[in-house]
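Chemist: Take a look at the following structure, please.
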Amino acid sequence: MPYFAALEVGGTKVNVAAGSGPDDLQTLRIPTRAPQETWPEVLRALETLSQGRAFDAIGIASFGPIDVNPQSPTFGRFRKTPKPGWSGFDLLSPLTEAYPEVPIGLDTDVNGAALGEKRWGGAKDLDTFVYVTVGTGLGVGLVVADQPVHGLLHPEAGHIRVRRHPDDTYAGHCPFHGDCCEGLSSGPAIEARTGQKAETLPPVHGVWGMVGDYLGQLFCNLALITSAQRILVGGGVGLNEPVLRASRQTCHRLLNSYLEALESAESMDIYIQGAHLGDRAGMLGAIELARRALD
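35 is the number that my numbering gives to position 35 of the sequence shown; each next residue is one higher, with no gaps.
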């Protein structure tokens, strides 16, 4: 049985794990601070989890934007990110120095989570699907023909422009685009509007319908552009049931029966689903990235 190391690098925490799959993962959690503080702790956590056993491969599912092109001279470096201190940080070099003979697979956190859902979750029967996570930010991973999509960088569909909800006067949280979908739908945008963290709000709060409307616009665009067979939604905001319900309603209304497979309102319950792996999707996706790197 291969023994993998897996890193899920998030904006607030880094999950470090070792194992082969869902049944045997051992995980340590590290707060995400400046990279010069965080990464030595990551390396120590890997050493602890290894228990003297060699890793067969390492998988990394990281927040971005990050260069995920192995042929690029800046492979593994963060691009411009609002996370203080992380722009330009080389995530890979400390790992390749510590584990010079171990293959490493790297992708975005959402592409990683998508691959986790493909192997163990809600996309096992699909070859073209989308994974969307909504929490501190809004990330979109796209898998086509069993492979995550890359190109100029990687999908950044969270930054598409959306039509404003008529009751929304908030300027937007995104430091680059203001009122893009992420800037209006993410956890910080919800807190800025309401004065409360999203997880403390009651299920009947009016902000959920507003956020669901923005996400429904995103899902409509994704359905039309990618022809995805399913949209899986994760993250603390994305898995909120009032948000999912409102997003399905908006997506169905905007499609207006144009896609025959999604003509009925009931079809949206199957088309837009909460991630089956929940908050384990990214961690298991990193394991799948390690497996692919070994192969």
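The beta carbon of each residue, even a glycine, is placed where N, CA and C say it ideally should be.
Could you say which of Glu199, Arg33, Thr136 and Leu262 lies nearest to Gln229 if we only look at CA atoms?
Modeler: Minimum Cα distance to Gln229 is reached at Leu262.
Chemist: Is any beta-carbon of chain B found at less than 8 Å from that of Arg77?
Modeler: Of the protein chains in this structure there is only one, and it is not chain B.
Chemist: Could you check what DSSP says for Pro148 in three-state terms: helix, strand or coil?
Modeler: The answer is strand: DSSP assigns Pro148 an E or B state.
Chemist: When you compare the segment 205 to 220 with the segment 181 to 190, are there three or more beta-carbon pairs, one atom per stretch, that lie closer than 8 Å?
Modeler: Contact between the segment 205 to 220 and the segment 181 to 190 is present, because at least three Cβ pairs lie under 8 Å.
Chemist: Are the Cβ atoms of Thr250 and Asp279 separated by less than 8 Å?
Modeler: No. Outside cutoff.
Chemist: Determine the closest residue to Gly307 out of Leu284, Gly141 and Tyr3, with distance taken between C-alpha atoms.
Modeler: As shown, the chain starts at 1 and ends at 295. That puts residue 307 outside it, with no answer to give.
Chemist: Leaving out five residues on either side along the sequence, give the residues of the same chain with a beta carbon under 6 Å from the beta carbon of Gly285.
Modeler: Ala61, Gly112, Ala113, Leu115 and Gly116, listed in sequence order.
Chemist: Could you tell me if Ala131 is buried or exposed, where buried requires 16 or more neighbouring beta carbons within 10 angstroms of its beta carbon?
Modeler: For clarity, residue 131 is Tyr in the given sequence; the question names Ala instead. Tyr131 is buried by the Cβ-count criterion.
Chemist: Quick check on Glu182: does DSSP put it in helix, strand or coil?
Modeler: Helix at Glu182.
Chemist: State yes or no: is the C-beta of Arg230 nearer than 7 Å to some heavy atom of the ligand ADP?
Modeler: Among the components of this structure there are no ligands whatsoever, and the ligand ADP is therefore not found.
Chemist: Looking at C-beta atoms only, is the number of pairs between the segment 145 to 161 and the segment 64 to 82 that lie closer than 8 Å three or more?
Modeler: Judged by Cβ distances under 8 Å, the segment 145 to 161 makes contact with the segment 64 to 82, as three or more pairs qualify.
Chemist: Would you kindly report the start and end of the unbroken beta strand (DSSP E) that includes Val132?
Modeler: Residues Thr128 to Val134.
Chemist: Below 8 Å between beta carbons: does that hold for Val237 and Ala198?
Modeler: The answer is yes: Cβ separation under 8 Å.
Chemist: Is Ser247 buried or exposed, if buried means 16 or more other CB atoms sit within 10 Å of its CB?
Modeler: With 16 or more other Cβ atoms within 10 Å, it is buried.
Chemist: So, helix, strand or coil for Arg77, using DSSP?
Modeler: Here Arg77 sits in strand by DSSP.
Chemist: Are the CB atoms of Gly85 and Pro35 nearer to each other than 8 Å?
Modeler: Cβ atoms of Gly85 and Pro35: closer than 8 Å.
Chemist: If you count every other CB in all the chains shown that lies within 10 Å of the CB of Glu47, and 16 or more means buried, which is it?
Modeler: Glu47 comes out exposed.
Chemist: Starting from Gly105 and walking both ways along the beta strand (DSSP E), at which residues does that stretch end?
Modeler: Run containing Gly105: Ile104 to Thr108, per the beta strand (DSSP E) assignment.
Chemist: Using the C-alpha atoms, what's the distance from Ala275 back to Ala45?
Modeler: Ala45 and Ala275: Cα-Cα distance of roughly 28 Å.
Chemist: Please state the DSSP three-state secondary structure of Arg164.
Modeler: Arg164: coil per DSSP, three-state reduction.
Chemist: Which same chain residues end up closer than 6 Å to Trp208 when comparing Cβ atoms and leaving out the 5 residues on each side of it in sequence?
Modeler: So the list reads Pro242 and Val243, once near-sequence residues are dropped.
Chemist: Which same chain residues, not among the five before or five after Asp269, have their C-beta less than 8 Å away from its C-beta?
Modeler: The residues are Arg248.
Chemist: Who are the near neighbours of Ile231 in its chain, counting only those whose CB is closer than 6 Å to its CB and skipping five residues on each side?
Modeler: Within the same chain, Ile231 has close Cβ partners Val130, Phe219 and Ile272.
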